[in-house]
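Report on the following structure.
Numbering (the UniProt record's numbering), first residue to last: 1 to 346.
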């Protein structure tokens with residue numbers, strides 16, 4: 001279902017917009033300098049939206065300085081205290097993450113909604129498989145897609161009853177099947193943009209595998225307007241993996257996609273070593289290219305002929321090719337410098 005277009009700071013999500021990459025800071029929000037440095041690194045990595053935890057007034061007040069020295073939209077993550085939402089909005093938050101059902105009296109919700117309406121700020125509401133209300137769990141016999149759907153419907157109803165529709169949805173779970181089923185149902189029923197991510201997916205490489213399967217599956221089905229890869233790792237690593245998922249699903253590519261062979265007994269060069277040398281350089285190039293690094297000059301150009309540019313190893317040399325057509329030879333000692341020079345020409 002085509003989703004309505006929502007503005008978050010200086011960008012839009014939903015509608016015909018590209019899927020946006022989001023992360024969350026790992027630092028204490030009140031540690032302003034550290035948070036600013038982390039967000040700047042995220043900006044360099046291509047992150048487009050960042051969420052920060054707001055557990056208290058000190059964190060909420062820190063937003064003003066953080067906003068002043070960073071560029072990407074900031075989401076304030078609020079749990080139970082409506083006052084923290086109001087302070088965050090006053091200090092420049094571009095979006096609020098809050099569940100109306102968690103903040104008590106209706107008048108408190110109305111205060112948050114009023115502030116968001118005045119500034120055109122969206123509210124992200126959702127459900128997490130680990131925090132569904134007890135009465136909903138009882139009614140739907142535990143944690144399943146029906147109880148998750150009921151939980152998110154209740155949050156949407158509260159906002160809609162206040163004539164608020166500037167909404168982003170999320171349904172997160174650690175179980176892949178449940179995560180997929182819940183988001184499929186939400187996508188069928190609502191036209192609000194959907195933020196997707198496998199919650200608490202774990203360390204590297206476990207979390208990468210889990211997130212890639214879950215997020216990748218939904219993206220291939222056309223579900224998801226923003227994504228976050230939730231890892232027990234640096235926030236920059238989350239962004240790198242998110243872009244790799246988008247590239248691998250052919251939904252969006254801003255960095256080179258790397259095609260490389262696993263090597264075998266035919267190879268005459270150390271392909272693994274070469275890939276490790278080239279990888280940091282390739283990750284810094286913002287070009288939507290397919291780049292091939294192959295270990296065999298016999299099969300390399302043919303097997304990677306869909307690549308925009310590539311190299312294939314021989315004994316002491318590499319063949320440079322474009323779209324499967326061999327251009328010239330490069331000496332093994334010069335391959336890194338020459339290959340990067342050719343990529344930058346593309």
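Here a beta-carbon is modelled for each residue, glycine too, at the ideal position from N, C-alpha and C.
Hey, residue 122 and residue 158: beta-carbon distance below 8 Å or not?
As a working mapping, residue 122 is identified with position 122 in the chain shown. As a working mapping, residue 158 is identified with position 158 in the chain shown. At a Cβ-Cβ threshold of 8 Å, residue 122 and residue 158 do not count as neighbours.
Exposed or buried, residue 23, counting other C-beta atoms within 10 Å across all chains shown (16 or more means buried)?
As a working mapping, residue 23 is identified with position 23 in the chain shown. It counts as buried.
Considering just the uninterrupted stretch of the alpha helix (DSSP H) at residue 304, what are its terminal residues?
Reading the chain shown from its first residue, position 304 is the one you call residue 304. No alpha helix (DSSP H) contains residue 304, which DSSP labels as neither H nor E.
Can you tell me which of the three DSSP states residue 347 falls into?
This structure cannot speak to residue 347, because the chain is shown only from 1 to 346.
Since residue 252 and residue 19 are thought to touch, with beta carbons under 8 Å apart, how far apart are those beta carbons, to the nearest angstrom?
Counting from one through the chain shown, the residue named residue 252 turns up at place 252. Counting from one through the chain shown, the residue named residue 19 turns up at place 19. About 6 Å separates the two Cβ atoms, so the contact holds.
Beta-carbon separation (whole angstroms), residue 183 vs residue 14, contact threshold 8 Å:
Sequence index remark: in the chain shown, residue 183 carries index 183 (1-based). Sequence index remark: in the chain shown, residue 14 carries index 14 (1-based). That pair is no contact at about 15 Å.
Does the count of Cβ pairs from the stretch 276-287 and the stretch 318-329 closer than 8 Å reach three?
Proximity of the stretch 276-287 to the stretch 318-329 falls short of the contact definition, fewer than three beta-carbon pairs being nearer than 8 Å.
Does the Cβ of residue 279 have 16 or more other Cβ atoms within 10 Å, making it buried, or fewer, making it exposed?
Position 279 of the chain shown, counted from the start, is the residue given in the question as residue 279. Burial is judged here by how many other beta carbons sit within 10 angstroms of a residue's own beta carbon; residue 279 has fewer than 16 and is exposed.
Rounded C-alpha distance that separates residue 48 from residue 197
Numbered from 1 along the chain shown, position 48 holds the residue referred to as residue 48. Numbered from 1 along the chain shown, position 197 holds the residue referred to as residue 197. Rounded to whole angstroms, the gap between the alpha carbons of residue 48 and residue 197 is 15 Å.
Going by the beta-carbon positions, is the gap between residue 85 and residue 98 smaller than 8 Å?
In the chain shown, counting from the first residue as 1, residue 85 sits at position 85. In the chain shown, counting from the first residue as 1, residue 98 sits at position 98. In contact: residue 85 and residue 98 (Cβ atoms closer than 8 Å).
What did DSSP end up calling residue 250 once you bin it into helix, strand or coil?
For this step, residue 250 is matched to residue 250 along the chain shown. Residue 250 falls in the coil class under three-state DSSP.
Can you tell me whether DSSP reads residue 229 as helix, strand or coil?
Here residue 229 refers to the residue found at position 229 of the chain shown. The answer is coil: DSSP assigns residue 229 none of H, G, I, E or B.
Note down the Cα distance separating residue 124 from residue 289, rounded to an integer number of angstroms.
As a position in the chain shown, residue 124 is number 124, starting the count at 1. As a position in the chain shown, residue 289 is number 289, starting the count at 1. Whole-angstrom Cα-Cα distance: 34 Å.
Counting only the same chain and skipping the five closest in sequence on each side, list residues whose C-beta sits under 6 Å from that of residue 211.
Position 211 of the chain shown, counted from the first residue, corresponds to residue 211. Excluding residues within five positions, the ones whose Cβ falls inside 6 Å are 198, 201 and 229.
Confirm, please, whether the CB-CB distance from residue 168 to residue 6 is below 8 Å.
Here residue 6 corresponds to residue number 6 of the chain shown, with the count starting at 1. Here residue 168 corresponds to residue number 168 of the chain shown, with the count starting at 1. Cβ distance < 8 Å, so residue 6 and residue 168 count as in contact.
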